[in-house]
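Undergrad: One structure, as structure tokens, below. Some questions next.
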Amino acid sequence: MTTIDSDYLLSNINKKSSSSTNNTSLGKDEFLKILMKQVQNQDPLNPVDDKEFISQMATFSSLEQMMNLNTTMTKFVDYQDPFTTYVNWIGKDVSWSEGQDGKEQTGKVSSVKHSKGEYFLVLEDGKEISPWNVTSVGQTSK
């Protein structure tokens with residue numbers, strides 16, 4: 002009986018998880034189907050070694066856990082609130098450009114404000130700017 006090379010399967014499954022448009026690589030469903038076909042079509046006089054089967058099932062289990070972790074981490078990164086990034090700008094100089102003239106201005110961030118679903122940087126002079134207009138963030142010049 003031919004065994005499935007776990008390194009080959011893992012590399013192909015990892016390719017699939019990173020590129021959903023490639024339909025030629027194996028996923029966890031295909032891995033399980035191949036494993037079940039292997040068991041169903043084994044030679045009755047020379048059955049698959051139980052240790053080998055357990056090893057392949059462990060590989061499948063590890064693969065499934067890695068894919069679930071990858072999905073969870075992707076969701077976590079996608080849902081990160083930018084608030085923590087903006088809070089790190091407090092006490093730093095920011096440069097931004099706004100308006101039709103596009104003239105660059107600089108100011109020191111004193112706080113972060115959240116209003117009506119949007120974040121604003123509040124500068125020392127009380128001016129509020131959108132973080133989307135910021136072109137650079139740097140240490141305060143002394």
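With the first letter of the sequence shown counted as 1, position 56 gets the number 57 in our numbering; the numbers rise by one all the way through.
Even glycine gets a Cβ: it sits at the ideal position worked out from N, Cα and C.
Helix or strand or just coil, what does DSSP make of Lys109?
TA: Here residue 109 refers to the residue found at position 108 when the sequence shown is read from its first residue. Three-state DSSP puts Lys109 in a strand.
Undergrad: How long is the line joining the alpha carbons of Gln39 and Asn89, rounded to whole angstroms?
TA: Here the question's residue 39 lines up with position 38 in the sequence shown. Here the question's residue 89 lines up with position 88 in the sequence shown. C-alpha separation (whole angstroms): 55 Å.
Undergrad: To the nearest angstrom, report how far apart Ser112 and Ile91 are at their CA atoms.
TA: Position 111 of the sequence shown, counted from the first residue, corresponds to residue 112. Position 90 of the sequence shown, counted from the first residue, corresponds to residue 91. Looking at the two C-alpha atoms, the distance is approximately 6 Å.
Undergrad: If you draw a straight line from the alpha carbon of Lys114 to that of Leu122, how long is it in whole angstroms?
TA: In the sequence shown, the residue the question calls residue 114 occupies position 113. In the sequence shown, the residue the question calls residue 122 occupies position 121. So the alpha carbons of these two residues sit roughly 6 Å apart.
Undergrad: Taking a contact to mean a Cβ-Cβ separation below 9 Å, would you say Thr60 touches Trp97 in this structure?
TA: Residue numbering aside, residue 60 sits at position 59 when the sequence shown is read from its first letter. Residue numbering aside, residue 97 sits at position 96 when the sequence shown is read from its first letter. It is not a contact, given that the beta carbons lie outside the stated cut-off.
Undergrad: Run through DSSP, which three-state label would Ser19 get?
TA: To locate residue 19, count along the sequence shown from 1; it is residue 18. Only weak support is given to the placement of Ser19: the predicted model assigns it a pLDDT of 48, under 50, and the question is left unresolved by the model.
Undergrad: To the nearest angstrom, report how far apart Lys52 and Thr85 are at their CA atoms.
TA: Within the sequence shown, residue 52 is the residue found at index 51, counting from 1. Within the sequence shown, residue 85 is the residue found at index 84, counting from 1. Rounded to the nearest angstrom, the two C-alpha atoms are 49 Å apart.
Undergrad: Where do the N-terminal and C-terminal ends of the alpha helix (DSSP H) with Leu64 fall, by residue?
TA: Within the sequence shown, the letter at position 63 stands for residue 64. Segment Asp51 to Asp79, the alpha helix (DSSP H) holding Leu64.
Undergrad: DSSP beta-bridge partners for Leu122?
TA: Within the sequence shown, the letter at position 121 stands for residue 122. Answer by DSSP bridge pairing, in chain order: Val113 and Ile130.
Undergrad: Is the separation between the beta-carbon of Asp82 and that of Val138 shorter than 9 Å?
TA: Taking the first residue of the sequence shown as 1, we reach residue 82 at position 81. Taking the first residue of the sequence shown as 1, we reach residue 138 at position 137. No.
Undergrad: DSSP state of Asp44, grouped into three classes?
TA: Here residue 44 corresponds to residue number 43 of the sequence shown, with the count starting at 1. Of the three classes helix, strand and coil, the one that applies to Asp44 here is coil, per DSSP.
Undergrad: At the level of alpha carbons, what is the spacing between Gly28 and Lys76?
TA: Start at 1 with the first residue of the sequence shown, and residue 28 comes out as number 27. Start at 1 with the first residue of the sequence shown, and residue 76 comes out as number 75. Answer to the nearest angstrom: the Cα atoms are 20 Å apart.
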